[in-house]
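Scroll down for the structure; my scribbles are underneath it.
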Amino acid sequence: MNNYTMDCYETKREILNFSKKMTIGLNKTITKFVIDMQYGLSRGKSCLISEIARSLDEQIKLKNTIERLCDNLVGIKDEEKEQIEKNYQNEIKKYFGEEAIAIFDDSDIAKRYGKKFEDLDEIIDASSEKKEVVKGYHVCEATILGEKEKQPFSVYSKIYLCKSEEFRSMNHYTKESIQRVIDVLKRKCNMVFDRGYDDNKIIEYVDQSDNYFVIRMNDKRNFLFKGRKKNAYQEAIKRKGKVRMILWFEEEKYEVSVSHTKVTLPYNKKDYELVFVYGLREERPLILLTNREIHSKEDVIKVVRLYFYRWRVEEYFRSKKQEYGFENMRVRSLKAMNCLNLMLMIHMGHLGMLIEDINQKLLTIKILNRSKSLRNKVLVLYYQMARGIKEILSYAKKGIKELEKIEKREKYKQMTLRL
């Protein structure tokens with residue numbers, strides 16, 4: 012039997028409590044703004060400010076609610092955003108294991124027909140079949156996987172453009188994201204990168220930070236094999252994988268073969284392990300570089316599995332676009348976009364916390380049941396959580412304001428003076 016009233020109340024209370032934790036040390040105006048945004052994103056499941064405003068169901072003109080939210084998006088100070096991020100990081104730290112896995116990804120927001128947005132840049136739309144060059148923005152994302160359910164928690168998400176006066180280089184934002192992961196974890200971890208990060212500066216930066224890394228190499232990359240400079244791809248096709256393993260990639264099962272060898276990078280003369288993976292959908296072998304030591308079959312299998320966790324961050328970013336219309340945001344300034352992105356990041360982090368607590372929280376089970384999913388078992392649960400919460404809150408007759416604590420102010424002392 013479904014108890015819609017109780018489920019709706021529990022969900023609202025969960026959102027309210029989480030929002031208050033995110034605004035510890037901040038004033039009431041920012042607290043109310045964060046509560047409104049978190050509830051609006053949960054109920055409206057949209058990045059459109061108009062949909063968020065409708066979800067609040069306030070007894071005032073919709074235009075006034077929209078203007079208030081837009082003013083807060085632009086007016087929030089940098090130190091206030093930093094405090095929200097700090098509170099968010101303190102909440103999600105406990106979900107990371109001793110040997111945490113951090114995954115980095117560069118994505119984009121396509122604005123094909125946008126004209127009024129601030130300083131639109133030219134990007135390659137990776138989601139299109141022809142990889143067209145369109146107008147849009149770049150996004151740098153860094154996530155850490157939860158220990159139990161391996162759900163990605165975003166700890167760094169930055170929208171930027173190359174035309175901006177503040178822009179230095181893409182590597183600058185990549186190094187910022189790496190440093191953010193280091194600051195959050197404060198211990199050694201595994202960092203996973205795609206071939207877009209095949210850069211000597213990135214390799215050197217991660218290596219000096221005393222963390223493990225697994226980076227996919229471009230086919231044109233050259234290494235020193237026993238002192239001789241050779242192309243990595245040409246060396247890969249000469250070999251055959253000796254280690255057999257079963258691999259799940261994008262929820263499909265593959266039987267692949269793996270080989271590895273020790274190589275030296277020409278520019279710094281340091282030794283690394285090069286891993287070749289054969290038998291995936293691509294005909295060309297996969298080439299991975301790592302600074303982890305490989306002494307056994309288990310070691311090389313672990314390196315391959317670490318890299319293939321990377322598709323989870325792609326699925327995470329895809330859920331932001333499909334479930335919340337991330338590319339459809341209509342705020343025009345870059346500052347407002349990054350603030351809205353921050354609100355969505357901590358909202359997704361809240362969903363990740365609920366998923367990781369699935370064995371302790373009955374509310375998570377209720378939310379997943381309400382999502383009416385086609386599959387009972389999936390690996391990334393953000394889609395189901397977003398749909399389940401929206402379904403529960405669709406029965407709400409009022410917004411979140413009814414649950415907020417309304418403090419009764421003291422009367423002005425001047426009004427109590429006897430004349």
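The opening position of the sequence shown corresponds to residue 12 in this note's numbering, with each subsequent residue numbered one higher.
Just so it is clear, CB atoms sit at the ideal spot from N, CA and C, and this is done for glycine as well.
Boundaries (first-last residue) of the beta strand (DSSP E) holding residue i
{"i": "residue 181", "result": "First-last for residue 181: 181 to 196, but that is the alpha helix (DSSP H), not the beta strand (DSSP E)."}
{"i": "residue 40", "result": "Looking at the DSSP string, residue 40 is not in any beta strand (DSSP E); the run it does join, the alpha helix (DSSP H), is 39 to 55."}
{"i": "residue 222", "result": "Unbroken run through residue 222: none, as it is neither H nor E."}
{"i": "residue 133", "result": "132 to 135"}
{"i": "residue 291", "result": "Unbroken run through residue 291: none, as it is neither H nor E."}
{"i": "residue 170", "result": "163 to 171"}
{"i": "residue 235", "result": "233 to 236"}
{"i": "residue 201", "result": "201 to 204"}
Three-state class that DSSP yields for residue i in the structure shown
{"i": "residue 147", "result": "strand"}
{"i": "residue 304", "result": "coil"}
{"i": "residue 344", "result": "coil"}
{"i": "residue 228", "result": "coil"}
{"i": "residue 16", "result": "helix"}
{"i": "residue 411", "result": "coil"}
{"i": "residue 87", "result": "coil"}
{"i": "residue 124", "result": "coil"}
{"i": "residue 392", "result": "coil"}
{"i": "residue 265", "result": "strand"}
{"i": "residue 119", "result": "strand"}
{"i": "residue 107", "result": "coil"}
{"i": "residue 59", "result": "coil"}
{"i": "residue 112", "result": "strand"}
{"i": "residue 255", "result": "strand"}
{"i": "residue 297", "result": "strand"}
{"i": "residue 241", "result": "strand"}
{"i": "residue 270", "result": "strand"}
{"i": "residue 35", "result": "coil"}
{"i": "residue 287", "result": "strand"}
{"i": "residue 365", "result": "helix"}
{"i": "residue 152", "result": "strand"}
{"i": "residue 319", "result": "helix"}
{"i": "residue 178", "result": "coil"}
Alpha carbon of residue i to alpha carbon of residue j, nearest angstrom
{"i": "residue 200", "j": "residue 226", "result": "14 Å"}
{"i": "residue 46", "j": "residue 22", "result": "13 Å"}
{"i": "residue 414", "j": "residue 27", "result": "8 Å"}
{"i": "residue 145", "j": "residue 171", "result": "15 Å"}
{"i": "residue 328", "j": "residue 154", "result": "10 Å"}
{"i": "residue 336", "j": "residue 247", "result": "41 Å"}
{"i": "residue 373", "j": "residue 92", "result": "32 Å"}
{"i": "residue 197", "j": "residue 409", "result": "43 Å"}
{"i": "residue 137", "j": "residue 271", "result": "30 Å"}
{"i": "residue 405", "j": "residue 65", "result": "12 Å"}
{"i": "residue 12", "j": "residue 159", "result": "Because residue 12 sits at a pLDDT of 46, beneath the cut-off of 50, its placement in the model cannot be relied upon, and the point is left open."}
{"i": "residue 120", "j": "residue 110", "result": "32 Å"}
{"i": "residue 88", "j": "residue 131", "result": "24 Å"}
{"i": "residue 313", "j": "residue 113", "result": "15 Å"}
{"i": "residue 245", "j": "residue 340", "result": "45 Å"}
{"i": "residue 280", "j": "residue 368", "result": "46 Å"}
{"i": "residue 338", "j": "residue 174", "result": "19 Å"}
{"i": "residue 217", "j": "residue 412", "result": "46 Å"}
{"i": "residue 53", "j": "residue 363", "result": "13 Å"}
{"i": "residue 19", "j": "residue 188", "result": "37 Å"}
{"i": "residue 40", "j": "residue 205", "result": "41 Å"}
{"i": "residue 375", "j": "residue 140", "result": "36 Å"}
{"i": "residue 80", "j": "residue 242", "result": "54 Å"}
{"i": "residue 9", "j": "residue 38", "result": "The structure shown does not extend to residue 9, since the chain is modelled only from 12 to 430, so the question has no answer here."}
{"i": "residue 180", "j": "residue 24", "result": "43 Å"}
{"i": "residue 29", "j": "residue 403", "result": "18 Å"}
Residue i CB to nearest heavy atom of the ligand SAH below 7 Å
{"i": "residue 392", "result": "Looking for the ligand SAH in the displayed structure turns up nothing, as the structure carries no ligands at all."}
Span of the alpha helix (DSSP H), counted from its first residue to its last, around residue i
{"i": "residue 334", "result": "322 to 335"}
{"i": "residue 279", "result": "Here residue 279 belongs to no alpha helix (DSSP H), and DSSP marks it neither H nor E."}
{"i": "residue 381", "result": "373 to 381"}
Cβ separation of residue i and residue j, assumed to be a contact under 8 Å, to the nearest whole Å
{"i": "residue 48", "j": "residue 354", "result": "4 Å"}
{"i": "residue 103", "j": "residue 77", "result": "About 30 Å; that fails the 8 Å criterion."}
{"i": "residue 286", "j": "residue 311", "result": "6 Å"}
{"i": "residue 347", "j": "residue 156", "result": "At roughly 30 Å, the Cβ-Cβ gap does not stay under 8 Å, so residue 347 and residue 156 are not in contact."}
{"i": "residue 129", "j": "residue 343", "result": "6 Å"}
{"i": "residue 56", "j": "residue 397", "result": "6 Å"}
{"i": "residue 394", "j": "residue 334", "result": "6 Å"}
Flag this pair as touching only if the region 57 to 71 and the region 25 to 42 have three or more C-beta atom pairs under 8 Å; answer yes or no. No contact exists between the region 57 to 71 and the region 25 to 42.
Inter-stretch contact at 8 Å, needing at least 3 Cβ pairs: the region 376 to 387 / the region 118 to 130: Contact between the region 376 to 387 and the region 118 to 130 is absent, because fewer than three Cβ pairs lie under 8 Å.
Between the region 289 to 307 and the region 321 to 336, can you find at least three pairs of beta-carbon atoms closer than 8 Å? No, the region 321 to 336 is not in contact with the region 289 to 307.
With three or more C-beta pairs closer than 8 Å as the rule, is the region 343 to 361 touching the region 184 to 194? A contact is defined here as three or more CB-CB pairs under 8 Å, and the region 184 to 194 fails this definition with respect to the region 343 to 361.
Any contact of the region 231 to 244 with the region 253 to 261, i.e. 3+ C-beta pairs under 8 Å? No: fewer than three Cβ pairs fall under 8 Å.
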